[in-house]
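Everything on this sheet refers to the single structure shown next.
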Amino acid sequence: MREKLVSVEQAAQIVKDGDHIVFNGSMDWTPMAMLRELARREIRGITALGVVGGAMNLDFLLGAGV
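Per this note's numbering, the sequence shown starts with residue 5, numbered consecutively.
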């Protein structure tokens, strides 16, 4: 069976400029490693959809210029 788990770096390579992303998690379950990797890669123009209470996620992406 093929491995389904990938590193954060590998997952972030899938996201391109202008993509739509959805992330789950509130303050305790925020996928910050993925968000930091997207910011590090300077992904631009994405549309992000989060959950109520996930404003910190969106704030992080906006602050990073994503």
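Glycine residues also receive a C-beta, built at the ideal position from the N, C-alpha and C atoms.
For clarity, every value in this text was computed on a predicted model and none was experimentally measured.
Runs of the beta strand (DSSP E) lying entirely within the stretch 5 to 55 and spanning at least 3 residues, in chain order: 24 to 26 and 51 to 53. Secondary structure at Gly69: coil, using DSSP grouped into helix, strand and coil.
The beta carbons of Leu62 and Gly54 sit closer together than 8 Å. In this structure, Ile50 and His24 form a Cβ contact; the two beta carbons are roughly 7 Å apart against a cut-off of 8 Å.
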